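**Student:** So the sequence shown is residues 2 to 130, counted in the numbering used here.
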Amino acid sequence: MASGELKTDIRLKIKTGKVEFEIECKENQLKGILEKILSTIPPQQRLSSVKVETCKHAIQKLWLEGWFSSPKTLTEVCIEISRRGFQYDRGYVAHVLVDLVKENLLNREGQPRRYLYVQKKEPPPLQKD
2 MASGELKTDI
12 RLKIKTGKVE
22 FEIECKENQL
32 KGILEKILST
42 IPPQQRLSSV
52 KVETCKHAIQ
62 KLWLEGWFSS
72 PKTLTEVCIE
82 ISRRGFQYDR
92 GYVAHVLVDL
102 VKENLLNREG
112 QPRRYLYVQK
122 KEPPPLQKD
């Protein structure tokens, strides 16, 4: 496998109408799997539009907004993304934070089980729409 082909694991829960499903796959498989699943749901039960946001995208959005300008705990990150409407397993959020540390977006400070996450790089200026 080429180094550019390695994709992040994604866990996703969706409820539309009376239908609820959970997906765990690689990032590059998500679109195809969602299309297959949504094609089995009767049109009257589908959402008018489905917005999929991965845990990583939700946390990157916080970084882009400068939310990590002051150190945050894992609990604070979980509460904030939950407040924004996204529910992710605490262990999965921790895994994504480690990935963002490895990608040099965040620094991890402190002791195990008490880590604080703070931005390493300044996010680019937000575009005005």
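Ideal Cβ positions, reconstructed from N, Cα and C, are used throughout, including at glycine. Note that the coordinates shown come from a computational prediction; the quantities given were computed from them, not determined experimentally.
Less than 6 Å between C-beta atoms, sequence neighbours within five positions excluded: which residues of the same chain meet that for E23?
**Tutor:** Excluding positions up to five away in sequence, the list reads K14.
**Student:** Quick check on DSSP: helix, strand or coil for R12?
**Tutor:** strand
**Student:** Candidates L63, C26, Y89: which alpha carbon is nearest Y118's?
**Tutor:** L63
**Student:** Between P95 and R84, what straight-line distance do the alpha-carbon atoms span, to the nearest angstrom?
**Tutor:** One detail in the question is off: residue 95 reads as Ala in this sequence, not Pro. The straight-line gap separating the alpha-carbon atoms of A95 and R84 is approximately 17 Å.
**Student:** Quick check: the Cα distance between L107 and P43, rounded to an integer number of angstroms?
**Tutor:** 43 Å
**Student:** Compare the beta carbon distance of W68 and E81 with 8 Å and say whether it is the shorter of the two.
**Tutor:** yes
**Student:** Beta carbon of L31, beta carbon of I60: below 8 Å?
**Tutor:** Not a contact, by the Cβ cut-off of 8 Å.
**Student:** May I ask you to report which of helix, strand or coil DSSP gives F69?
**Tutor:** helix
**Student:** Between G111, E123, L65, H58, which has its C-alpha nearest Q88's C-alpha?
**Tutor:** Closest by alpha carbon: H58.
**Student:** Going by the DSSP bridge assignment, what does R84 pair with across the sheet?
**Tutor:** DSSP, once it has assigned bridges, lists no residue as partnering R84.
**Student:** DSSP state of I60, grouped into three classes?
**Tutor:** helix
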